[in-house]
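>
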Amino acid sequence: MIRVLICIFALISSSSFAETIRYVDATALRNNPNNMYFVKVLELALAKAKKDTGTEWLQPLDVMITQKRQLIELKKQNIDVMWTMSSAQRDQQALAVPVPLAFGSYGLRLLVINKGDQHVFSRIEKAEQLKRLTALVGRDWPDKLILLDNGYRIDDSSNEELLYGVLQKENAHYFPRAVTEANSELSVLNNKQLMIAPRLVMQYPAVMYFYVRKGNLALAKKLTEGLNAALKDGSLEELFFSFEHHRKAFAAFDFTQAEFIQLDNRQLSASVDLEQIYKMQNRLIGNASKYLQSSH
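Residue numbers for the sequence shown, in mature numbering (1 follows the signal peptide of the UniProt record, and there is no 0): -18 to -1, 1 to 278.
Pasting the structure below:
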């Protein structure tokens, strides 16, 4: 596997031009249609960049690698941009483009559970009860450290692409997924043994950022300018709420009946504006309720 990856990256590097912007997609491999939202945001940011710097060629790499490996390939200049939840550690490893891409939605976590555990989760009303159960997480995800910092049990022993399979077999486990992820991932999997637990939402401040190599100041500037322009004219928010899988996700979960379980996020850089994140999340919750009403 490592040899195959090296060959792929070497081939791409040797055939790349200055205007090429390479990124890891793996939408089909991960059964995660939400990745396409971030590709559309990348396209929007480049289109909105103020200065005419020529036409960029976006080159997706459809290969299954971890976020940790993406950061390594970013540093080695084998890819040019990635998107991930922000953390102080990642801000040291790469150059963050500090404009939130998903309006705090990755800090609103729904709990995917085994249907056999419905009775267990229906009785949960506070964090202490949830802490007795086990959250499934990826080994290199910021979510893992957030949960541990807040005293939750976690299981990171399985590869991330296998976590839904683990959930199908295990009792007293849950898989926290962003509100924009859970519904669409379950739809793709079509696994009748899994469901989203009603009511329960884990909430903490979190932002998704684009990251580029630390020395790539030109691309960072271009993306910052483009994203800020898209925020100012409303086109980024329009893209977020019009994205098909987001609309379906908001229509599928009733936030008006939600029981919010609050967590701290000590992994964020001190420069992140927590108040801004909570404002974005509250606005998202309000808009989600409108989608729920329109679906009935």
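Built from N, CA and C at the ideal position, the CB exists for glycine as well.
Please read all numbers here as calculations on a predicted model, not as lab measurements.
Rounding to the nearest angstrom, what Cα-Cα distance links LEU28 and LEU205 in this structure?
Counted from its first residue, the sequence shown places residue 28 at position 46. Counted from its first residue, the sequence shown places residue 205 at position 223. Cα-Cα distance, rounded: 6 Å.
> For GLU241, which option in LEU24, SER68, ILE106 and THR116 has the closest C-alpha, if you only look at C-alpha atoms?
On the sequence shown, residue 241 is found 259 positions in, with the first residue counted as 1. Checking every option, the nearest Cα to that of GLU241 belongs to ILE106.
> Would you report the Cα separation of GLY86 and ALA188, rounded to the nearest angstrom?
The sequence position of residue 86 within the sequence shown is 104, counting from 1. The sequence position of residue 188 within the sequence shown is 206, counting from 1. About 6 Å.
> Within the 8 Å Cβ cut-off, does ARG72 reach chain B?
No chain B appears in this structure, which consists of one protein chain only.
> Buried or exposed: ASN96, going by 16 or more other Cβ atoms within 10 Å of its Cβ?
Numbered from 1 along the sequence shown, position 114 holds the residue referred to as residue 96. It counts as buried.
> Flag this pair as yes or no: are the beta carbons of SER166 and ASN16 separated by less than 8 Å?
Position 184 of the sequence shown, counting from 1, holds the residue named residue 166. Position 34 of the sequence shown, counting from 1, holds the residue named residue 16. Yes. Within cutoff.
> Below 6 Å CB to CB, which residues in the same chain sit around LEU11 once its five sequence neighbours on both sides are set aside?
Taking the sequence shown and counting its residues from 1, one reaches residue 11 at position 29. Unreliable placement is indicated for LEU11, whose pLDDT of 46 sits below 50; the coordinate value is still reported in the next sentence. So the qualifying residues of the chain are MET46.
> Would you tell me roughly how many angstroms separate the C-alpha atoms of GLY120 and ASN141, rounded to the nearest one?
Taking the sequence shown and counting its residues from 1, the one referred to as residue 120 is at position 138. Taking the sequence shown and counting its residues from 1, the one referred to as residue 141 is at position 159. In a straight line, the C-alpha of GLY120 is about 7 Å away from that of ASN141.
> Looking only at its chain, what residues have a beta carbon closer than 8 Å to the beta carbon of GLU219, apart from the 5 residues adjacent to it on each side?
In the sequence shown, residue 219 corresponds to position 237, counting from 1. Around GLU219: PHE85 and LEU213.
> Where are the alpha helix (DSSP H) runs, 4 residues long or more, that stay fully inside the stretch 50 to 129, in chain order?
Segments of the alpha helix (DSSP H) lying fully in the stretch 50 to 129: 70 to 75, 100 to 104 and 109 to 112.
> Where do the N-terminal and C-terminal ends of the alpha helix (DSSP H) with GLN41 fall, by residue?
If you number the sequence shown from 1, residue 41 lands on position 59. Run containing GLN41: none in the alpha helix (DSSP H); it sits in the beta strand (DSSP E), 39 to 43.
> Taking just the CA atoms, how far does TYR191 sit from VAL23?
The sequence position of residue 23 within the sequence shown is 41, counting from 1. The sequence position of residue 191 within the sequence shown is 209, counting from 1. For VAL23 and TYR191, the distance between alpha carbons rounds to 11 Å.
> CB ASP122 to CB GLN49, shorter than 8 Å?
Along the sequence shown, one-based indexing puts residue 122 at 140. Along the sequence shown, one-based indexing puts residue 49 at 67. For ASP122 and GLN49, yes; Cβs fall inside 8 Å.
> Could you check whether the stretch 163 to 178 touches the stretch 61 to 79, counting it as contact only if at least three pairs of C-beta atoms, one from each stretch, sit closer than 8 Å?
Taking 8 Å as the limit for Cβ pairs, the verdict is that the stretch 61 to 79 does not touch the stretch 163 to 178.
> Just to confirm, is the Cβ distance from ARG135 to LYS113 under 8 Å?
Your numbering for residue 135 matches position 153 in the sequence shown. Your numbering for residue 113 matches position 131 in the sequence shown. Cβ distance < 8 Å, so ARG135 and LYS113 count as in contact.
> Taking LEU171 as the reference, give the member of ALA78, LEU144 and LEU182 with the closest Cα.
Here residue 171 refers to the residue found at position 189 when the sequence shown is read from its first residue. Selected option, being the one with the closest Cα: LEU144.
> Going by Cα to Cα distance, which pick from GLN111, TYR193 and VAL194 is closest to TYR156?
Along the sequence shown, read from residue 1 onward, the residue named residue 156 stands at position 174. Measuring from the Cα of TYR156, the nearest candidate turns out to be GLN111.
> What does the alpha-carbon distance come out to for the pair GLY98 and GLN175?
Locating residue 98 in the sequence shown gives position 116, where the first residue counts as 1. Locating residue 175 in the sequence shown gives position 193, where the first residue counts as 1. Whole-angstrom Cα-Cα distance: 8 Å.
> Taking LEU43 and ASP7 to be in contact with their CB atoms under 8 Å, please state how far apart those CB atoms are, rounded to whole angstroms.
For the purposes of this step, residue 43 is taken as residue 61 along the sequence shown, with counting starting at 1. For the purposes of this step, residue 7 is taken as residue 25 along the sequence shown, with counting starting at 1. Sure, about 7 Å apart at Cβ, within 8 Å.
> For GLU241, write down the residues that DSSP places opposite it in a beta bridge.
In the sequence shown, the residue the question calls residue 241 occupies position 259. Per DSSP, LEU182.
> Can you give me the C-alpha to C-alpha distance between PHE20 and VAL183, rounded to a whole angstrom?
As a position in the sequence shown, residue 20 is number 38, starting the count at 1. As a position in the sequence shown, residue 183 is number 201, starting the count at 1. Roughly 23 Å between the two C-alpha positions.
> Roughly how many angstroms separate the alpha carbons of PHE225 and ARG248, rounded to a whole number?
The count along the sequence shown starts at 1 and reaches residue 225 at position 243. The count along the sequence shown starts at 1 and reaches residue 248 at position 266. About 30 Å.
> Quick one: what's got a C-beta closer than 7 Å to LEU129's C-beta in the same chain, skipping five residues either side?
Numbered from 1 along the sequence shown, position 147 holds the residue referred to as residue 129. Correct list, in chain order: ALA117, VAL119 and ILE136.
> Using the DSSP secondary-structure output, state which residues sit across from MET190 in a beta bridge.
Here residue 190 is taken as the residue at index 208 of the sequence shown, counted from 1. In DSSP, MET190 forms a bridge with MET67.
> Find out if the Cβ-Cβ distance for the pair PRO158, ARG91 is shorter than 8 Å.
The residue labelled residue 158 in the question sits at position 176 within the sequence shown. The residue labelled residue 91 in the question sits at position 109 within the sequence shown. Yes, the pair counts as a contact, with Cβ atoms nearer than the cut-off.
> Here's a check: name, in chain order, each residue in its chain whose Cβ is nearer than 7 Å to the Cβ of LYS196, leaving out the five neighbours to either side.
Locating residue 196 in the sequence shown gives position 214, where the first residue counts as 1. So the qualifying residues of the chain are ALA76 and LEU77.
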